[in-house]
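Okay, so here's the structure we're looking at.
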Amino acid sequence: MSKKYDFAAIESKWQKYWEDNGSFRASSDHTKPKFYALVEFPYPSGHGMHVGHIKAYSGLEVVSRKRRMQGYNVLFPIGFDAYGLPTENTAIKTGVHPRKVTDDNIVKFTGQLKKVGFSFDWDRVIDTTDEDYYKWTQWIFLKMFENGLAFRDKTLVNYCPSCKVVLSNEDSQGGKCDICHSDIVQKTKEVWYLRITEYADKLLEGLETVDYLPNIKLQQENWIGKSTGAFVNFSVKEHAEETLRIYTTRPDTLYGVTFMVIAPEHPMIQKYRDSIANMDELDNYKAECAKKSEFERTQLVKDKTGVKIEGLTAVNPVTGKEIPIYISDYVMMGYGTGAIMAVPAHDTRDYEFAKKFGIDIIEVIKGGDISKEAYTGDGEMVNSDVLNGISNKKDAIAKMLTVLEKKGCGEKGVQYKMKDWAFNRQRYWGEPIPIVHCPKCGMVPVPYEELPLRLPPVENFEPGTDGESPLAKIESFVHCQCPRCGGNAKRETDTMPQWAGSSWYFLRYCDPKNDKAFASQEEMAYWMPVDWYNGGMEHVTRHMIYSRFWHKFLYDMGLVPTAEPYAKRTAQGLILGPDGEKMSKSRGNVVDPNDVVKVYGADVLRLYVLFMGDYEKAAPWSDSSVKGCKRFADRIWALQEKLVDGDSYSDALRSNMHKTIKKVSEDIEAMKFNTAIAAMMTLLNDIYNVGSVTKKELRDFLVLLYPFAPHIAEELYQQIGCEGVLSEQEWITYDEALCVDDTIEIVLQINGKVRAKLNIPADAEKETVLVQAAAEPKIAEALAGKTVIKEIYVPKKLVNFVAK
RNA sequence: GCGGGUGUGGUGAAAUUGGCAAACACGCAAGAUUUAGGUUCUUGUGCCGCAAGGUUUGCAGGUUCAAGUCCUGUCACCCGCACCA
1 MSKKYDFAAI ESKWQKYWED NGSFRASSDH TKPKFYALVE FPYPSGHGMH VGHIKAYSGL
61 EVVSRKRRMQ GYNVLFPIGF DAYGLPTENT AIKTGVHPRK VTDDNIVKFT GQLKKVGFSF
121 DWDRVIDTTD EDYYKWTQWI FLKMFENGLA FRDKTLVNYC PSCKVVLSNE DSQGGKCDIC
181 HSDIVQKTKE VWYLRITEYA DKLLEGLETV DYLPNIKLQQ ENWIGKSTGA FVNFSVKEHA
241 EETLRIYTTR PDTLYGVTFM VIAPEHPMIQ KYRDSIANMD ELDNYKAECA KKSEFERTQL
301 VKDKTGVKIE GLTAVNPVTG KEIPIYISDY VMMGYGTGAI MAVPAHDTRD YEFAKKFGID
361 IIEVIKGGDI SKEAYTGDGE MVNSDVLNGI SNKKDAIAKM LTVLEKKGCG EKGVQYKMKD
421 WAFNRQRYWG EPIPIVHCPK CGMVPVPYEE LPLRLPPVEN FEPGTDGESP LAKIESFVHC
481 QCPRCGGNAK RETDTMPQWA GSSWYFLRYC DPKNDKAFAS QEEMAYWMPV DWYNGGMEHV
541 TRHMIYSRFW HKFLYDMGLV PTAEPYAKRT AQGLILGPDG EKMSKSRGNV VDPNDVVKVY
601 GADVLRLYVL FMGDYEKAAP WSDSSVKGCK RFADRIWALQ EKLVDGDSYS DALRSNMHKT
661 IKKVSEDIEA MKFNTAIAAM MTLLNDIYNV GSVTKKELRD FLVLLYPFAP HIAEELYQQI
721 GCEGVLSEQE WITYDEALCV DDTIEIVLQI NGKVRAKLNI PADAEKETVL VQAAAEPKIA
781 EALAGKTVIK EIYVPKKLVN FVAK
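Counting along the first sequence from 1, when you hit position 195 you're at 195 in the numbering used here, and nothing is skipped either side.
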């Protein structure tokens, strides 16, 4: 009976069985309760799967398998987010078409995922580069265009000279290209934007209705970066018609303003250049700033620079005081109005600037020593006329706002850090933007019935040196008739950014083959929202906010049934290399999951990635710990030799069985997979100590094991002659009353120190326990000659004698 | 600088409401089986000590009968944001 544990044969046997039987296909029976588990679909890179993918998918894999056993109709889909630069770069390098590269990689990934035995619904696979998919990406884009949320604007853009592509702010952080790490240069270009800022408040408010881990919510809040304050209009002495409008979060400090600062690019400078005496100096400064990379700007935080504008003077609207205006690169054109009122007494940046340029510093809030440093704390208002004596910041701000509004020189205002989403790339391997530029009609959408607007075949994927998309070189694609007037027109040749396809993929999974709509209302009404979404921390801001934005837009259009796409979101921690560093090819510390599957089997790989530590935390890979999981699997396999008849729990294992069922059931829900596995290991050790296992005990053990290591569990279930197949059985329940042992050990302490232990019946009375405890030789000895002041009794836990 | 998080054995880590610190696993040591082992099994393993016993959760205080857990201060590391007005 006890054959060798031939994991390779067992795993392929059951993978075939599940596939042949469609075991994990989501059912179309909408009367059953549903559970929609979503994991971030992979980018099918040429490197194949990473152990990080395995960990990312194993979490909800366990939950999904358990849910099916609990009677849920489970949707656990997978797909491929396949547009993007790495594939295109491979194509440029090798000359192989990105379509072919993508298809090959998808085949590779699919094979690898299946070998791990994930219970994905393979009938619903999505490929974002499939024309039946990107047709709807384009369709949603056109809806946004119709509603004014997609627009073009001329701006300074971040341009990567190496990738020859315009990047979003997020893709060019630190002045480096996110893809090739070259230095970014600034360039003026007309680009596409999605007006995500219009949804800033909705995205923020929606967070109150969802169950995301607290740090995920916080990151999203910070990314949106809402601040409330006031806009204040300062007049300009030399030009009565002009107002210098600023944004501040601290209108209460208006009496402490001693100068103004505007960004070097502020339009006011050009407007009044004729009346500015030191225009040369200003131009020079501006040129200096433009040369600095973003990196240099942040490095020079401490050393403030700037130039006073000779010929423009601001007038404080509440005091009437005349104050100088400076330009400085510590004020950004991209936030607020590009101009600030400076209150050196209570802002560290303004303080540094004032010190350097010898400007007055006026204290308006008591509590600090402004001769030493700026005071940013709270306190009583001084030197502030009507505000004097107010000590509450909120009250002072409210009062100032009413003053400003009465005078008509300012009002309450709100600002966000979040910018509109730069939504185009000058690249080939992306969704074509379905817009036609007509000399007569302007921008005209491609008619819906003509979607998908297909990517034309191309010979050369190299982007043009002018930063244009390779599509611009294809005459047959570019030249077209205007859908509105029929005249000659040109197509938009930019494509959508990588984030587009993943912004709505969870909707397509609900109804992936629909050719009438991106998904039917009926299917979405049943499946949405996603019940549980798990993925990496690196996607909790951009991808999640982008997709929530698309979803909220569709909701406002009445096209999706829920205001939020994801009811719950968690995130797994990274798997680090054995050296504790982030895995990377250059470090040479990458672990290939295929190797692990080959040597130890998929079940062991699955067990290990969940056992290695707290699921949400980063943990280094350890080859020898993998062996520990292999040993666990081997010992489970060898249980067959300990099998005895019996369709109930033995006395020796009864409470252990119930305790373990409880522990594993609860830990899975809390994503504490490591302790769930530890509990099963403990039970296994207990079985070995007892020396035999009844069929009922082993069967139930296999049910617990199944979500984690389904192949070995299925095989043993069959080997020991149980009915049917394990994947179709019900999850098991426990009896709380049977989780307790008959006798328990309690700890006896004197003054908080453990002196002895005592075995008592679980239902022993307090009085009995105290008497027995005091009678314990060690306790009696230690208490001799002392007076017991207090006796603490914690039922089922301990007795503590406080003695003097 | 701001925000969040983490500090526990040689290692990865456990530890409801404060209630036996170190579960589970790795590693290591000794032994058994195995003439070879990426085999299996047994025993031991926080630290000091022959032992009785003492002592231990980054550091310093505090609250409590009792603190890894609560409070105050402090140090280190990690992640996010960053001249955001």
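Built from N, CA and C at the ideal position, the CB exists for glycine as well. Note that the structure is predicted; figures quoted are calculated from it, not measured.
{"Query": "Segment limits, beta strand (DSSP E) that includes Tyr706", "Result": "Counting along the chain, Tyr706 falls outside any beta strand (DSSP E), and DSSP gives it neither H nor E."}
{"Query": "Best match in Leu738, His711, Arg699, Cys739 for proximity to Glu723 [C-alpha to C-alpha]", "Result": "Arg699"}
{"Query": "Segments assigned beta strand (DSSP E), at least 3 residues, entirely inside the segment 185-226", "Result": "185-194"}
{"Query": "Lys804 - DSSP class collapsed to helix/strand/coil", "Result": "coil"}
{"Query": "Cut-off 7 angstroms between Cβ atoms - residues of its own chain near Met1, not counting five sequence neighbours on either side", "Result": "In this predicted model, Met1 has a pLDDT of only 43, less than 50, meaning its place in the structure is not dependable; the value taken from the coordinates is given anyway. Gln640."}
{"Query": "Own chain residues within Cβ distance below 7 angstroms of Met400, not counting five before or after", "Result": "Pro251, Asp252, Leu254, Leu387"}
{"Query": "Residue interval of the beta strand (DSSP E) (run including Met583)", "Result": "No beta strand (DSSP E) contains Met583, which DSSP labels as neither H nor E."}
{"Query": "Tyr36, buried or exposed, once every other Cβ within 10 Å from all chains shown has been counted against 16", "Result": "buried"}
{"Query": "Every unbroken alpha helix (DSSP H) inside the segment 383-449 [4 residues or more]", "Result": "393-407"}
{"Query": "Residue environment, Glu714, which counts as buried when at least 16 other CB atoms sit within 10 Å", "Result": "buried"}
{"Query": "Phe506, DSSP secondary structure in three states", "Result": "helix"}
{"Query": "Within 8 angstroms, strictly: CB atoms of Phe553 and Val530", "Result": "no"}
{"Query": "Residues bridged to Val754 (per DSSP)", "Result": "Gln749"}
{"Query": "Beta-carbon contacts of Ser27 that lie in its chain and below 6 angstroms, excluding the five residues immediately before and after", "Result": "Asn73"}
{"Query": "Identity of the residues DSSP links to Ala230 by a beta bridge", "Result": "Thr248, Lys412"}
{"Query": "Spatial neighbours of Ala652 in its chain, beta-carbon cut-off 6 angstroms, leaving aside the 5 residues before and after", "Result": "Val690"}
{"Query": "Cβ neighbours of Leu60 in the same chain (closer than 8 angstroms, five flanking residues each side left out)", "Result": "Ala37, Leu38, Val39, Phe76, Trp532, Asn534"}
{"Query": "Unbroken stretches of the alpha helix (DSSP H), 4 residues or longer, contained in the segment 605-686", "Result": "623-637, 654-669"}
{"Query": "Reduced DSSP secondary structure (H/G/I, E/B, other) of Met1", "Result": "Caution applies to Met1, whose pLDDT of 43 falls short of 50 and renders its modelled position unreliable; the value that the coordinates give is listed next. Residue state, collapsed to three classes: coil."}
{"Query": "DSSP bridge partner residues for Lys568 (one or two, in chain order)", "Result": "Asp211"}
{"Query": "Cutoff 6 angstroms; reference Thr128; Cβ partners in own chain excluding five residues on either side", "Result": "Asp81, Ala82, Tyr83, Gly501"}
{"Query": "Which listed residue (Met381, Thr348, Val382) has its alpha carbon closest to that of Lys372", "Result": "Thr348"}
{"Query": "Contact the segment 202-212 vs the segment 533-551: 3+ CB pairs below 8 angstroms", "Result": "yes"}
{"Query": "Nearest-angstrom Cα separation, counted from Arg587 out to Asp579", "Result": "10 angstroms"}
{"Query": "Straight-line gap, Phe632 to Tyr566 (C-alpha atoms, nearest Å)", "Result": "36 angstroms"}
{"Query": "Which listed residue (Trp192, Pro512, Leu312, Glu88) has its alpha carbon closest to that of Gly79", "Result": "Pro512"}
{"Query": "Within 8 angstroms, strictly: CB atoms of Ala489 and Pro439", "Result": "yes"}
{"Query": "Residue from Gly48, Ser520, Asp515, Val540 with nearest C-alpha to Lys108", "Result": "Gly48"}
{"Query": "C-alpha distance - Gln481 paired with Glu449, whole-angstrom precision", "Result": "15 angstroms"}
{"Query": "Cut-off 8 angstroms between Cβ atoms - residues of its own chain near Leu684, not counting five sequence neighbours on either side", "Result": "Phe632, Arg635, Ile636, Leu639, Phe701"}
{"Query": "Counterpart residues of Leu576 in DSSP-defined beta bridges", "Result": "Lys582, Pro620"}
{"Query": "4-residue-minimum alpha helix (DSSP H) runs that sit fully inside the segment 95-173, ordered along the chain", "Result": "98-116, 131-146"}
{"Query": "Beta-carbon spacing of Thr495, Arg425 below 8 angstroms", "Result": "yes"}
{"Query": "Ile760 to Pro795 span [Cα, whole Å]", "Result": "11 angstroms"}
{"Query": "Touching by the beta-carbon criterion (3+ pairs, under 8 angstroms), the segment 610-623 and the segment 660-668", "Result": "no"}
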